[in-house]
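Here's the structure, in structure tokens; my notes come after.
2 protein chains.
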Amino acid sequence: MATSSLTPSQALLARAISHHVSAQSSDQHRLSPATTLSLPSLSGLKSTTSVFSSSSRRRRLPHARSQSQVRAAAVETLDATAETSLVEKSVNTIRFLAIDAVEKANSGHPGLPMGCAPMGHILYDEVMRYNPKNPYWFNRDRFVLSAGHGCMLQYALLHLAGYDSVLEEDLKQFRQWGSRTPGHPENFETPGVEVTTGPLGQGIANAVGLALAEKHLAARYNKPDAEIIDHYTYVILGDGCQMEGISNEVSSLAGHWGLGKLIAFYDDNHISIDGDTEIAFTEDVGPRFESLGWHVIWVKNGNTGYDDIRAAIKEAKAVKDKPTLIKVTTTIGYGSPNKANSYSVHGSALGAKEVEATRKNLAWPYEPFHVPEDVKKHWSRHVPKGASLEAEWNAKFAEYEKKYPEEAAELKCIITGELPAGWEKALPTYTPESPADATRNLSQQNLNALVKVLPGLLGGSADLASSNMTLLKMFGDFQKDTPEERNVRFGVREHGMGAISNGIALHSPGLVPYCATFFVFTDYMRAAIRISALCEAGVIYVMTHDSIGLGEDGPTHQPIEHLASFRAMPNILMLRPADGNETAGAYKVAVLNRKRPSILALSRQKLPQLPGTSIEGVEKGGYIVSDNSSGNKPDIILIGTGSELPIAAEAAKALQKEGKAVRVVSLVSWELFEEQSDAYKESVLPAAVTVRVSIEAGSTFGWEKIVGSKGKAIGIDRFGASAPAGKIYKEFGLTAEAVIEAAKELS
Amino acid sequence: MATSSLTPSQALLARAISHHVSAQSSDQHRLSPATTLSLPSLSGLKSTTSVFSSSSRRRRLPHARSQSQVRAAAVETLDATAETSLVEKSVNTIRFLAIDAVEKANSGHPGLPMGCAPMGHILYDEVMRYNPKNPYWFNRDRFVLSAGHGCMLQYALLHLAGYDSVLEEDLKQFRQWGSRTPGHPENFETPGVEVTTGPLGQGIANAVGLALAEKHLAARYNKPDAEIIDHYTYVILGDGCQMEGISNEVSSLAGHWGLGKLIAFYDDNHISIDGDTEIAFTEDVGPRFESLGWHVIWVKNGNTGYDDIRAAIKEAKAVKDKPTLIKVTTTIGYGSPNKANSYSVHGSALGAKEVEATRKNLAWPYEPFHVPEDVKKHWSRHVPKGASLEAEWNAKFAEYEKKYPEEAAELKCIITGELPAGWEKALPTYTPESPADATRNLSQQNLNALVKVLPGLLGGSADLASSNMTLLKMFGDFQKDTPEERNVRFGVREHGMGAISNGIALHSPGLVPYCATFFVFTDYMRAAIRISALCEAGVIYVMTHDSIGLGEDGPTHQPIEHLASFRAMPNILMLRPADGNETAGAYKVAVLNRKRPSILALSRQKLPQLPGTSIEGVEKGGYIVSDNSSGNKPDIILIGTGSELPIAAEAAKALQKEGKAVRVVSLVSWELFEEQSDAYKESVLPAAVTVRVSIEAGSTFGWEKIVGSKGKAIGIDRFGASAPAGKIYKEFGLTAEAVIEAAKELS
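In the order they appear, the protein sequences are chains H and Z.
Counting in full-length UniProt numbering, the first sequence runs from 1 upward without gaps.
Counting in full-length UniProt numbering, the second sequence runs from 1 upward without gaps.
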């Protein structure tokens, strides 16, 4: 897949830490002196729309930090930065860039950008702190368009703000092959886009993860004399996001955690694809969010009420202990005389005639894709301003590094994604004499060993910490008043958990989030896991109770098709370790793969420590665990994964006693094995050996590839059952005897 | 899988319609004369705990229907039916049956049954209308234990009420192989259990579906002089269900639809597996439900406040236009002196010592599994009472049938699941000359044809009706005030939609719910789809935009691994039709499979009507579409599904022109093909022919089984891209040229 050639960590190493800003900062064009406190705006244009004087603002922000004077002056001002007429012109520029791009592609969603252009303008032009020339600057404000179908809003804003990723030609290539402006926002295609959205509700969840990361890192690394982590997370979500259950899950958590620097704009436009939201969505969103612990503000005129939007943001920032929902009532497709406020403007191009009518209606005389000079000039200050913001921060960080070298070194790891040297030495190893144990317990040993060496490791479970064995014993719970801790309590909210973890992973390359539930409940969070894979978020999914081996809970809790279903998913690692060494290997792989999520399927039941297993073997995905053949010519190959590998090993012993040359292969990760050289693969599974039997307590779907048409796959192609685990294994024929019988039949 | 030998339709045919109740009704033991209005209770025991006189009750029910006098007298009374001491004894019986069963199994969840026993007792003993000897009686009240891990509560209640499915020996076999008392409630194992729960949040969603079905059928079939459909749906959900996003989705819909006969008990016990809910769940649930349009009542003492529970139910019934949430604050593990109110009683046996302490604490002198005689005697009235209720209803139905023969015939189809004779003649057919069309449009033709002949067909989309093409043109929207209509507007709530559809399907064997979204968003609802498959709910999943063929929306919207992921799932039909005839065939299969859900993967893009496709072919899962070979010995077999079948056909033509003997096979459903005889399979895919090329716009995972190790599977093993569909097909190599090249390479 085409991806940005700039990895976040490269960008950070190249730009954020050792960035030379002299070129940009020497360009003083429209850049207010950073130390001047009294300037009401950055633009240099006369402000007539200021709603709060600087002093009244100070009063309304009782918790204003003494360290943030520069910051307050440079950014926290919500005074308009331009004449209202210019603001309107800028807003209409955003609208028409969206209209024109959708029209040219004849595909896309113009309605949301047209309605949300005012809040978009205020956010990117007046409120947010970012550096267009380094989209990965660590302390930037994060913006998430949860209503991702409206991506032309974000592309237009990135374009105006001066991001290199969205030039005019990119806008003209909207939704075309190989462009940087795909049909929904994709962080891996477009620097400046923080996360991948489109599937509704994911974005608000990612935003909760971003805000969690900020709160957590700020608590860990800020010092009374050095507030080096301090940014907001802004998100726009629509009616569709609101209807999705995931948004309620994560909003409940955001309220619980008191994520005061999360500010969500709810684009309340009363239209969804099927028409008026009245047909399916009549709940009262404001009180719902209040009941979830949010501060709620209603901007009744989101179309032209610029000052109301500004005031709302100001109020939101003043509320430090709660996230804020700003319900902004807008008109979808604002400006279109015949299609505004209707579903027809939601997901289709306006059509030439209506574009013309809209141009007339909004008095827009320009050619398609044209940005008027005064608008361009007005926005041009963001490049030097961004450079200056980053330079200031870099200076601050340099000072921090001097005073707090240890913390700075740790934080650098988190910022750059560089793993501390020798981290992998912390991984536990085992011998066949080590006590038998469930891989979920072995997983906990790994987590607790790794957390000592990985400053970015944090995570938790969806209310199954004591079953998933995911508690970090050195740490307490990440909570509203203890945000520096690393055990995250997600509650029974698997979907939200996955998507929040994506947000954490995408906040900083060195954050390594893990999350946990029973393997079968990946069904609840599959949409989030898929986005981990797509958006290159190296989340570690700790999935225990990975088969009928969980026993009595029965078929609702017993995964069957899940291994196959993830093996079929692109860009993900499905790992099913068999014992201690393989669990350590799985963690090594998972930690190293920062752009590919890993799912660790772990047993509830005890498993022996097998001779022949190794971390190195796991890294190859498939390898020989035992073998009494020579010349790469075994009579029989037995292949197993996870809790069935010992069954294969037991069967092999019996067959070897009968004089057979038997090889046992652990196929712990199909994806990693697939990536090995043909020679290596042949050395493990020689093509000439067709007597192959596999055993795995899951669907046999896909195993033909491994055992071949002459082999046999032993597995489970029905739902499970409620009974003690041993009984189910026997009844389902997952036994060494069955392996032996199959091998003999094939021989 | 072991299932109940009684299918619902058999049971209904055998019992409900022509049930002879004389045997039971001649047993007048504790049975109040059905025509007597004034009796305050059915038990014959003196009532001392009546909270409302019969007359005050009448006043407080302003909308009380004139037809329901007998019903009101027989059931709506919420006067206690026994002395409080006997109620307490019954409640403790429930507690100890749960304690003893979990103890014997040394596995399970005693905490919830111990806390919820009072509300359970009141529901099953005082409130609900059911017939223990016919668990499938059509007009029964439905009960759903959404907190399914507490299933011993329901088993104990079914046992006391006289259901044959839960005898003492079944309780003793709790969680054992082959028992009727599995680890979570499973409708297919235990008659009397309505749905399959355990995965949290599913049950409340199923309950919304059950209540929707009641409201819909009542609106369609009740007459001013014959209210033949009139039951409540009760559900108990816990903190875990509340945290799951799906519960917010469906609760929002229940409020929107005004499902007044849905009464949910929220077991507010402040404990989840990880400990106090304070660590992850501090939202205010009551106001949240009010904002969703529910009536909310709080019973502060759910442990012993019997009258409060009774009063709450009474109040809930009086609110006709809103569903009611009764928040019942309970103590988890009530009665256990050392473990009550702690997570340790949530999911583990108490242990012998604590069982003993609890026996002492609750003054329970009995042996394990003992039901005291007076409790047994008290509950014994439910068998004759249930028989009587059903007999009354049967009489009422007989009268209805005389007056409204057409409606009665239709309703019988819905009750029994018998499909109207000749229904399949309504399926449209096509010739190669029929215009090319997207299978999503052809799907709509089928839906609109079928709805004319299938009285139980109803459904809708998750806010994509105009994209999924699922509107039934003859009907309006199912809404609060138009519940007789059949287009259900689910909003953007895929997960809730699936689980609500499960509830609809399990309400009556003849209800045929369909639901729709983009195929990729099955990820949002996979947990519900899996439960469709497990609980044998024949939901039809209409999944459009089934590949990269959707084009510009890009990788977040393009399914890749989804076909494979469902082919690996047990008891489900994954169908991917290629044109009009195949779409009709897919609907035929889907309608006929009432105990197996079907997923129809349908194209956004236009497809030609192919020569050789047929309904009969689809019924076999795989079949020959074209062939110029003889003697079952083609040189080459090309295999395709859905939108790639025409590509295979095009490639075949070119190869045939070059003199090759080429067969084209449509593999529209792997599951159906797998079920055919070996001879048939050999006639389609002869083992001797190894030159096989498959083409499908999805993951190649699993295709080795079909093409063999010498064949080639053309597909997509990466994420998609945002661009016009034709461009992506070409760039991804999904072309006739690629098929031809592969076939030649293999030949």
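A virtual CB, placed ideally from N, CA and C, is assigned to each residue, including glycine.
Within-8 Å CB hit, residue i to chain H
i                      : result
residue 750 of chain Z : Residue 750 of chain Z cannot be examined here, being either before or after the span of chain Z that is shown, 1 to 747.
residue 604 of chain Z : no
residue 514 of chain Z : no
residue 673 of chain Z : no
residue 490 of chain Z : yes
Residue from the options whose Cα sits closest to the Cα of residue i
i                      : options                       : result
residue 352 of chain H : H:101, H:637 and H:618        : H:101
residue 255 of chain Z : Z:473, Z:325, Z:467 and Z:223 : Z:325
residue 617 of chain H : H:705, H:656 and H:664        : H:664
residue 714 of chain H : H:742, H:456 and H:513        : H:742
residue 440 of chain Z : Z:544, Z:498, Z:529 and Z:429 : Z:544
residue 750 of chain H : H:250, H:135 and H:655        : Coverage of chain H is limited to positions 1 through 747, which leaves residue 750 of chain H absent and any answer about it impossible.
residue 554 of chain Z : H:359, H:721, H:149 and H:708 : H:149
residue 574 of chain H : H:512, H:339, H:322 and H:546 : H:546
residue 615 of chain Z : Z:649, Z:104, Z:224 and Z:430 : Z:430
residue 309 of chain H : H:282, H:280, H:332 and H:267 : H:267
residue 448 of chain H : H:424, H:461, H:474 and H:402 : H:474
residue 521 of chain Z : Z:493, Z:536 and Z:512        : Z:493
residue 421 of chain H : H:378, H:603, H:394 and H:450 : H:450
Strand pairing of residue i, partner residues [DSSP]
i                      : result
residue 623 of chain Z : Z:666
residue 516 of chain Z : Z:461 and Z:542
residue 479 of chain Z : Z:482
residue 693 of chain H : H:638 and H:712
residue 233 of chain Z : Z:142 and Z:262
residue 599 of chain H : H:541 and H:574
Distance, residue j Cα to residue i Cα
i                      : j                      : result
residue 361 of chain Z : residue 334 of chain Z : 10 Å
residue 207 of chain Z : residue 194 of chain Z : 9 Å
residue 757 of chain Z : residue 232 of chain Z : Residue numbering for chain Z in the displayed model covers 1 to 747; residue 757 of chain Z lies beyond these limits and cannot be assessed.
residue 412 of chain H : residue 455 of chain H : 10 Å
residue 623 of chain Z : residue 582 of chain Z : 11 Å
residue 533 of chain Z : residue 723 of chain H : 20 Å
residue 226 of chain H : residue 399 of chain H : 9 Å
residue 696 of chain Z : residue 562 of chain H : 22 Å
residue 209 of chain Z : residue 503 of chain Z : 4 Å
residue 630 of chain H : residue 683 of chain H : 11 Å
Minimum Cβ-Cβ distance from residue i to chain Z less than 8 Å
i                      : result
residue 608 of chain H : no
residue 667 of chain H : no
residue 269 of chain H : no
residue 255 of chain H : yes
residue 621 of chain H : no
residue 374 of chain H : no
Contact residues within the segment 551-564 of chain Z, judged by C-beta distance below 9 Å to chain H: 551, 552, 553, 554, 555, 556, 557, 560, 561, 562, 563 and 564
Residues of the segment 162-188 of chain Z whose Cβ lies closer than 8 Å to any Cβ of chain H, in chain order: 175, 176, 177, 178, 179, 182, 183, 184 and 186
Residues of the segment 494-511 of chain H whose Cβ lies closer than 9 Å to any Cβ of chain Z, in chain order: 494, 495 and 496
Contacting positions in the segment 703-736 of chain Z - beta carbon closer than 8 Å to chain H: 704, 705, 708, 709, 717, 718, 719, 721, 722, 723, 724, 727, 728 and 731
Chain Z contacts from the segment 333-357 of chain H (Cβ-Cβ distance under 9 Å): 343 and 347
Positions along the segment 233-249 of chain H whose CB lies within less than 7 Å of some CB in chain Z: 240, 243, 244, 245, 246, 248 and 249
Residues in the segment 438-470 of chain Z having any Cβ partner in chain H nearer than 8 Å: 461, 463, 464, 465, 466 and 467
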